[in-house]
Amino acid sequence: MGTAEDEETTRVVVVGEGLNCLGAVRSLERAGMHALAVTTTRRCVVAWSRHAHRVALLPSLEGRALVDGLKALGSEFAERPLLMLGGDRQVAAVNEARAELEPLFRLGLPAQQTVRTLAPALLGLTLGFQTILFGLFKSLLGVRLSTRPSALEEM
7 MGTAEDEETT RVVVVGEGLN CLGAVRSLER AGMHALAVTT TRRCVVAWSR HAHRVALLPS
67 LEGRALVDGL KALGSEFAER PLLMLGGDRQ VAAVNEARAE LEPLFRLGLP AQQTVRTLAP
127 ALLGLTLGFQ TILFGLFKSL LGVRLSTRPS ALEEM
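Residue numbers (the working numbering): 7 to 161.
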């Protein structure tokens, strides 16, 4: 698939074909990080971007096909790259297959049950976007939803 240099320098795997994934790939490149874009086609903005260090094509970006494809990709890396997910279906598939993917990737997801609980309640925002927000609040502001459930009501 890629060269030995690709596997050594890839630090982030971005899954998705939309503009949010394009923004992630571009930002990572500006920060000096190599991103592997995972898509189903080369005919999408992420795959066309010069900022994607490498593009891997999978038959589907949801369900078992996504999990199996990520497992195959993950086995190529010497160090576990961060896995960035661009949409709800990717978050749902990875959340359910954590045990298989955590040895291969660093997942930036809240606890498995938290994702299951919040998923139906996130009207108007994608779960992928909400996951990013959760990570930002947790890392930048120190908010722990598990110990302070009223934090959501205060926002």
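Cβ coordinates follow ideal geometry from the N, Cα and C atoms, glycine included. Quick caveat, the model's predicted, so the values are computed rather than measured.
Per DSSP, arginine 60 is one residue of the beta strand (DSSP E) stretching across 60-63. Between valine 100 and glycine 93, the alpha-carbon positions lie close to 11 Å from each other. Under a 10 Å Cβ-count criterion, glutamate 85 is classified as exposed, with fewer than 16 other Cβ atoms of the shown protein chains found around its own Cβ. Within 10 angstroms of the beta-carbon of glutamine 96 lie 16 or more other beta-carbons, which makes it buried. With contacts defined as CB atoms closer than 8 Å, valine 19 and leucine 113 fail to qualify as a contacting pair. In the DSSP annotation of this structure, the continuous segment of the alpha helix (DSSP H) that includes alanine 53 starts and ends at 51-54. When the beta-carbon positions are compared, leucine 42 and arginine 56 stay at least 8 Å from each other. Note that the C-beta distance between valine 52 and valine 73 is not below 8 Å.
Residue range 118-124 is occupied by the alpha helix (DSSP H) that includes threonine 123. A residue is called buried once 16 or more other Cβ atoms fall within 10 Å of its Cβ, and threonine 47, having fewer, is exposed.
The beta carbon of leucine 64 sits closer than 7 Å to the beta carbons of Val44, Thr46, Ala71, Leu72, Gly75 from its chain, once the five residues preceding and following it are set aside; these are given in chain order.
Straight across, the Cα-Cα distance linking glutamate 82 with leucine 124 is about 33 Å.
Secondary structure of alanine 84 (DSSP, three-state): coil.
Each of Gly24, Arg17, Val21 was checked against the Cα of glycine 38, and the nearest Cα belongs to Arg17.
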